[in-house]
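Protein chains in written order, with my numbering: chain A, 1 to 13; chain B, 101 to 198.
Note that beta-carbon positions come from the ideal geometry of N, C-alpha and C, so glycine has one too.
Have a look at the structure below before the remarks.
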Amino acid sequence: QYPAGGSSTNPFL
Amino acid sequence: IDGPWMVKPEEKLKFDAIFDSLTPVGGMLTGDKVKPVLLNSKLPVDVLGRVWELSDIDRDGMLDKDEFAVAMYLVYRALENEPVPMILPPALVPPSKR
Chain A
1 QYPAGGSSTN PFL
Chain B
101 IDGPWMVKPE EKLKFDAIFD SLTPVGGMLT GDKVKPVLLN SKLPVDVLGR VWELSDIDRD
161 GMLDKDEFAV AMYLVYRALE NEPVPMILPP ALVPPSKR
């Protein structure tokens, strides 16, 4: 999936 | 690290023109401005999510001109069937952020 610490600022999540 | 940025000057010019066409505010583009452009590539959303993670280097939820160029570079490479890396290669970190 996403790298550790994937942020909630990611518009694709 | 020291060495040339993987984004070539002629490619950077093209990406800068796209950046400017999206009416950045304070030199930054928000996620909702970048998202449709990336979606336009027709790449899977999970791939685009990774592109965002890698390109938003300071994780402020916005892309500046150099971060946007990283995002576009990764999208263009992915369209040429190069896999999007799990971590950002040092040579792809913009010189301004090293």
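Under the three-state reduction of DSSP output, Val193/B falls in the coil class, being neither helix nor strand. If you look at Met172/B, you'll find it in the alpha helix (DSSP H) that goes Lys165 to Leu179.
A direct Cα-Cα distance of roughly 7 Å separates Met172/B from Phe115/B. With distances taken between CA atoms, Val147/B lies nearest to Arg177/B out of Asp120/B, Asp132/B and Arg177/B. Not one beta carbon of chain A lies nearer than 7 Å to the beta carbon of Lys133/B.
Looking at the backbone, the Cα of Val107/B and that of Pro124/B are separated by about 20 Å.
In this chain, the beta strand (DSSP E) harbouring Leu129/B covers Met128 to Thr130. Counting of Cβ neighbours within 10 angstroms places Asp102/B among the exposed residues, the total staying below 16.
Proximity of Trp105/B to chain A, defined by a Cβ-Cβ separation below 7 Å, is not satisfied.
Straight through space, the alpha carbons of Glu111/B and Val193/B are spaced by roughly 15 Å. Separation of the CB atoms of Val175/B and Leu154/B is rounded to 11 Å, and the pair is thereby denied contact status at 8 Å.
When C-alpha distances from Glu167/B are compared across Ser196/B, Leu179/B and Asn181/B, the shortest belongs to Ser196/B.
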